[in-house]
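**Q** So that we are looking at the same thing, I have put the structure below in structure tokens.
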Amino acid sequence: MALTLGDAAGIGPELIARLLSQSGITASANIVLVGDAWLWQQGQATAKQAVATQAVTSLAEVRGRADIRLPAFLPTDTIQPAQVQRSQAQAACGAAVLQVLNLCMDGAKRGEVDAICFAPLNKQAMKLGGLKHEDELHHFAEYLGVTCYFCEFNTLGDLWTARVSSHIPLKDAAAMLSKERIVDATKLIYASLKASGNASPKVAVAAFNPHGGDGGVCGREEIDIIEPAVAE
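Numbering (this note's numbering), first residue to last: 12 to 243.
Here is the structure:
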């Protein structure tokens, strides 16, 4: 699993240092940390945690190498300390994030990693740094050539949730609601649950309005869009 440090101006590096210092974390997955060496050192210093890693020169170097002590660390050269102003959204930080994510996705396409986990990002910084989309999800989809329906999943224990819309202004949410998107999101999470070992997933479809529309008094989205999607 490739693990990135996130935005250089944010809390990602210190969070990763705290995470990797916990017993059992590195035993749960073969982790390759990807990021600038100075940033990783800064994160450890901020967290007051020293994490032993083994440097590698590529993601491919880790695959199938039992002699590499994990977590491995793949150093990059994306941004300099003088370019970073802590707690501020900056183009240089956003561009660095995109560069590291793209490196990890290239590794995934070549089969060198099975998963990518990233520390907190800043969408404003990423937009300033060259992101063409509203979020990293759509960047992932374009970069990886995904053409089918896609969305984020959120999980809490055995509860999984999928989304019909995400990372848009609230005033635009109703316009994103359609029978087709609800059906696609439902099919995607159902298939994903089965692939993850749930033999018989049970999927609930939430109302759009907190009142469930109250029979059309608070909006007709449930009547005109959601109920037909559930019926299908």
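Heads up, the beta-carbon is just placed ideally off N, CA and C, and yes, glycines get one too.
In or out: Ile234 buried (at least 16 other Cβ within 10 Å) or exposed?
**A** Looking at its Cβ environment, which holds fewer than 16 other Cβ atoms inside 10 Å, Ile234 is exposed.
**Q** Looking only at C-alpha atoms, which of Phe84, Ala202, His144 and Asp18 sits nearest to Ser11?
**A** Outside the displayed range of the chain (12 to 243) lies residue 11, so it cannot be described from this structure.
**Q** Can you tell me the Cβ-Cβ gap for Pro82 and Thr37, rounded? I've got them flagged as a contact below 8 angstroms.
**A** Yes, they are in contact, since the Cβ atoms of Pro82 and Thr37 sit about 5 angstroms apart, within 8 angstroms.
**Q** Would the stretch 60-67 count as touching the stretch 171-181 if we require 3 or more Cβ pairs under 8 angstroms?
**A** no
**Q** Does DSSP put Asp151 in a helix, in a strand, or in coil?
**A** The question names Asp, yet the displayed sequence has Phe at residue 151. Note: Phe151 maps to helix in three-state DSSP.
**Q** In chain order, which continuous runs of the alpha helix (DSSP H) of length 4 or greater are located wholly inside the stretch 27-85?
**A** Whole alpha helix (DSSP H) segments, 4+ residues: 36-39 and 48-58.
**Q** Are the stretch 142-156 and the stretch 192-205 touching, with three or more C-beta to C-beta distances below 8 angstroms?
**A** no
**Q** Within 10 angstroms of the Cβ of Leu179, are there 16 or more other Cβ atoms? Answer buried if so, exposed if not.
**A** According to the sequence shown, residue 179 is Ile rather than Leu. Label assigned to Ile179: exposed.
**Q** Please report the distance separating the alpha-carbon of Met137 from that of Gly226.
**A** 42 angstroms
**Q** Could you pull out every residue in the same chain whose Cβ sits closer than 8 angstroms to the Cβ of Gly105, ignoring the five residues on either side in sequence?
**A** Cβ neighbours of Gly105 beyond the five flanking positions: Asp18, Asn133, Gln135, Ala136, Met137, Lys138, Leu139, Gly140, Gly141 and Leu142.
**Q** Would you call the CB atoms of Lys190 and Ile236 closer than 8 angstroms?
**A** yes
**Q** Consider the C-beta atom of Leu188 and the heavy atoms of the ligand ZN; say whether any pair is separated by less than 7 angstroms.
**A** Inclusion of the ligand ZN in the displayed structure is not the case, the ligand content being empty and no account of it being possible.
**Q** Whose CA, out of Arg76, Leu204, Lys213 and Val108, lies closest to the CA of Asn41?
**A** Arg76
**Q** Are Leu109 and Phe129 closer than 8 angstroms when you measure CB to CB?
**A** In terms of Cβ geometry, Leu109 and Phe129 do not form a close pair [threshold 8 angstroms].
**Q** Mind checking Cys159: buried by the 16 CB within 10 Å criterion, or exposed?
**A** Flag for Cys159 reads exposed.
**Q** Taking just the CA atoms, how far does Leu70 sit from Cys162?
**A** When rounded, the separation of the alpha-carbon atoms in Cys162 and Leu70 is 26 angstroms.
**Q** So, using beta-carbon positions, are Ile90 and Ala107 closer together than 8 angstroms?
**A** yes
**Q** Identify whether Ile179 lies in helix, strand or coil by the three-state DSSP scheme.
**A** coil
**Q** Would you report the Cα separation of Asp46 and Met116, rounded to the nearest angstrom?
**A** Here the sequence assigns Gly to residue 46, which means Asp is not the residue at that position. Rounded to the nearest angstrom, the two C-alpha atoms are 14 angstroms apart.
**Q** Where does Leu50 land, buried or exposed, given buried means 16+ other C-beta within 10 angstroms?
**A** buried
**Q** What are the start and end residues of the alpha helix (DSSP H) that includes Leu16?
**A** Counting along the chain, Leu16 falls outside any alpha helix (DSSP H), and DSSP gives it neither H nor E.
**Q** Do Ala93 and Gly54 count as a contact pair if the criterion is CB distance below 8 angstroms?
**A** Contact annotation: Gly54 and Ala93 have beta-carbon atoms that are not nearer than 8 angstroms.
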